[in-house]
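Read top to bottom, the protein sequences are chains A and B.
1 is the number of the first residue of the first sequence in the working numbering; add one for each residue after it.
199 is the number of the first residue of the second sequence in the working numbering; add one for each residue after it.
Don't be surprised by glycine CBs; every beta carbon is placed ideally from N, CA and C.
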Amino acid sequence: MSELPPLSGSLPSTNEPLRIAVRRMRWFRAAFEAYVKAIGDRVGCTYQIDDAKLAAIFVRWLRAVESQKPSNRQDRHDYFEFAAGLMLRELTADMPLVALSPPSKSAADSAATFWPEGYACTMFCLTVHSAAMEHEFQDKPQVSPVIEDLRHWWSFKENAQMGASFSVGFLLTLLGHQPNWMMPDVFRVRLSDELQQP
Amino acid sequence: MRNPLPNPLPDAMPLRDALRGLRHAVRRGGETLLDVMPLNQLPPPATHLAGAVIREMGVLAKGVGEVASDFARIALGGGDAPHSAPLKLTARLGAEDEFAQGIYAALRLVLQRLDAPSVYVSETAARMAYLSLLPDQRQGQDADIAAALSLSLVEAKVLRGASAQDAAHVPGRAIENVAIFAVMLWLQSNRHEAEDEAALASATDLALVIAAEADAAIVSRDSPKLSALYAEFAAHV
Numbered sequence: 001m002s003e004l005p006p007l008s009g010s011l012p013s014t015n016e017p018l019r020i021a022v023r024r025m026r027w028f029r030a031a032f033e034a035y036v037k038a039i040g041d042r043v044g045c046t047y048q049i050d051d052a053k054l055a056a057i058f059v060r061w062l063r064a065v066e067s068q069k070p071s072n073r074q075d076r077h078d079y080f081e082f083a084a085g086l087m088l089r090e091l092t093a094d095m096p097l098v099a100l101s102p103p104s105k106s107a108a109d110s111a112a113t114f115w116p117e118g119y120a121c122t123m124f125c126l127t128v129h130s131a132a133m134e135h136e137f138q139d140k141p142q143v144s145p146v147i148e149d150l151r152h153w154w155s156f157k158e159n160a161q162m163g164a165s166f167s168v169g170f171l172l173t174l175l176g177h178q179p180n181w182m183m184p185d186v187f188r189v190r191l192s193d194e195l196q197q198p
Numbered sequence: 199m200r201n202p203l204p205n206p207l208p209d210a211m212p213l214r215d216a217l218r219g220l221r222h223a224v225r226r227g228g229e230t231l232l233d234v235m236p237l238n239q240l241p242p243p244a245t246h247l248a249g250a251v252i253r254e255m256g257v258l259a260k261g262v263g264e265v266a267s268d269f270a271r272i273a274l275g276g277g278d279a280p281h282s283a284p285l286k287l288t289a290r291l292g293a294e295d296e297f298a299q300g301i302y303a304a305l306r307l308v309l310q311r312l313d314a315p316s317v318y319v320s321e322t323a324a325r326m327a328y329l330s331l332l333p334d335q336r337q338g339q340d341a342d343i344a345a346a347l348s349l350s351l352v353e354a355k356v357l358r359g360a361s362a363q364d365a366a367h368v369p370g371r372a373i374e375n376v377a378i379f380a381v382m383l384w385l386q387s388n389r390h391e392a393e394d395e396a397a398l399a400s401a402t403d404l405a406l407v408i409a410a411e412a413d414a415a416i417v418s419r420d421s422p423k424l425s426a427l428y429a430e431f432a433a434h435v
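Quick look at the structure:
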């Protein structure tokens with residue numbers, strides 16, 4: 001496991017807890033724009049953002065997060081990870097980014113070159129998640145070495161195009177978990193509860 | 199809570215509205231003239247003169263429309279304190295005018311974002327909408343009050359004269375209802391003065407995403423449904 005690339009500083013400042021700020025449209029949009037600009041500078045490419053798509057993604061994500069929110073506070077830590085996966089699901093379901101040029105500063109066999117849009121969205125979700133976890137739990141999440149493995153990114157892109165729910169499992173894999181691939185976008189605690197019901 | 203007393207001071211609001219109505223007519227007329235007049239087919243002195251007259255009318259009329267904008271910040275709360283629960287439905291003197299001025303300026307900004315800046319906004323209608331709320335509609339949760347006010351603003355026809363081209367910028371062509379929803383959502387959001395415009399832009403974008411739901415609730419005058427939408431999204435602007 002390793003630390004994320006240091007781009008968390010590109011997120012806009014806020015006086016509110018990050019878990020609150022990220023659920024405000026104006027912060028979410030500013031954060032996405034700033035992060036995409038920063039990662040574009042790092043990999044050497046310019047991205048174009050579709051604002052209307054981003055707004056619709058935000059609303060779908062809010063509703064998805066709310067609909068599966070666990071009632072038990074003990075599940076908050078796990079749910080933060082799951083919520084980041086849901087964000088990636090919504091971003092990949094209707095990609096709001098277009099790379100206007102191939103990344104000029106990335107290796108040919110890197111994830112950024114292979115799928116610049118998916119890479120930017122994934123790193124955004126991981127970065128926001130990391131910042132929120134640090135703020136809420138004084139916990140700095142590590143990412144799995146598979147983040148460097150192009151085969152995982154190939155699988156991610158291929159499967160996400162067939163069903164966006166795969167994105168949740170991919171993100172949880174990057175965070176070192178073994179997702180439930182049958183229903184990756186169902187919060188596992190809720191799934192467990194439901195399976196135990198007669 | 200009793201209804202606020204009418205403001206006894208000389209009433210400038212209908213005059214402002216009348217001047218804005220003139221601006222609207224001139225703008226629309228100017229657009230129509232520019233659309234239909236073959237200015238480029240006139241000989242040079244005539245085309246310059248005709249074009250200059252039409253543009254001048256537009257500039258003069260535009261100036262009239264900005265009169266109320268400076269009041270908006272005062273009306274909707276200034277200073278550095280966060281605006282929370284900003285639906286100031288008090289019985290104090292002039293509250294309805296502050297509300298109307300604020301609604302006017304906010305609607306203008308929303309219409310610009312919706313790429314429909316020439317839709318006519320009536321400040322007088324906004325005041326009437328405020329005054330026509332029943333005492334029991336002035337109480338309760340912010341979302342409930344906002345829902346009642348939204349329906350009242352629609353009924354008072356605070357927005358008028360949207361063209362088919364204006365309406366096409368909003369899903370379902372519901373530009374008037376979506377613009378009102380956006381402003382009322384923004385009024386309920388928690389924000390600092392420095393964030394006012396960013397919050398209004400966000401409220402507009404949220405309103406566009408849920409345009410079909412907001413429009414359906416307004417068209418059917420479903421106040422509980424409208425209130426539920428406000429309650430769901432006010433914290434997320």
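| Item | Value |
| --- | --- |
| Can you tell me the Cβ-Cβ gap for G85/A and L172/A, rounded? I've got them flagged as a contact below 8 angstroms. | 6 angstroms |
| When DSSP labels each residue in this structure, what does V22/A get in the three-state scheme? | coil |
| Using only CA atoms, which one of A377/B, L427/B and Y428/B lies nearest to L307/B? | A377/B |
| Bridge partners for V407/B per DSSP, in chain order? | For V407/B, which the question treats as bridged, DSSP gives no partner whatsoever. |
| Let me confirm a value: P102/A is counted as buried when at least 16 other C-beta atoms fall within 10 Å, else exposed. Which label applies? | exposed |
| Check whether the stretch 23-40 of chain A touches the stretch 120-127 of chain A, counting contact only when three or more Cβ pairs, one atom from each stretch, lie closer than 8 angstroms. | yes |
| Quick one: Cα of W27/A to Cα of A55/A, how far? | 12 angstroms |
| Apart from the five residues just before and just after A346/B, which ones in its own chain have a Cβ nearer than 7 angstroms to its Cβ? | L331, Q335 and S421 |
| Chain D partners of H367/B, CB-CB under 7 angstroms? | No chain D is present in this structure, whose protein chains are A and B. |
| So for Q161/A, helix, strand or coil by DSSP? | helix |
| A64/A touches chain B at which residues, Cβ-Cβ below 9 angstroms? | None at all; the shortest Cβ gap to chain B is about 13 angstroms. |
| May I ask you to list the residues that DSSP assigns as paired with Q48/A? | V98/A |
| Name, in chain order, the residues that DSSP records as bridge partners for L332/B. | Paired residue(s): none; L332/B is not in a bridge. |
| Which residues does DSSP pair with Y318/B in a beta bridge? | R358/B |
| Please classify A366/B as buried or exposed, where buried requires at least 16 other C-beta atoms within 10 Å of its C-beta. | exposed |
| Could you tell me how far apart the beta carbons of I57/A and P96/A are, in whole angstroms, since I believe they sit closer than 8 angstroms? | 6 angstroms |
| Using a Cβ-Cβ distance under 8 angstroms, would M133/A count as near chain B? | no |
| Which residues, in chain order, does the stretch 369-393 of chain B contribute to contact with chain A at a C-beta distance below 7 angstroms? | E393 |
| Of all the CB atoms in chain B, is at least one closer than 8 angstroms to the CB of M25/A? | yes |
| Classify K157/A: buried if its beta carbon has 16 or more other beta carbons within 10 angstroms, exposed otherwise. | buried |
| Leaving out five residues before and five after D215/B in sequence, what residues of the same chain have Cβ atoms less than 6 angstroms from its Cβ? | S320, E321 and T322 |
| Looking at C-alpha atoms only, which residue of Q386/B, F297/B and I408/B is the closest neighbour of D340/B? | Q386/B |
| With three or more beta-carbon pairs closer than 8 angstroms as the criterion, would you say the stretch 107-116 of chain A touches the stretch 127-141 of chain A? | no |
| Which residues in the same chain have their Cβ closer than 6 angstroms to the Cβ of A21/A, if we skip the five residues on either side of it in sequence? | T14 and W27 |
| With distances taken Cα to Cα, identify the nearest neighbour of A314/B among L351/B, A298/B, A360/B and A293/B. | A360/B |
| Cβ closer than 7 angstroms: which chain B residues qualify as neighbours of R89/A? | Correct list: empty, because the minimum Cβ distance to chain B is about 17 angstroms. |
| Considering only the beta carbon of each residue, do L383/B and L349/B sit closer than 8 angstroms? | no |
| Are L189/B and E294/B closer than 8 angstroms when you measure CB to CB? | Outside the shown range of chain B, which is 199 to 435, sits residue 189/B, and nothing can be said about it. |
| Mapping the DSSP letters down to three states, classify R389/B as helix, strand or coil. | strand |
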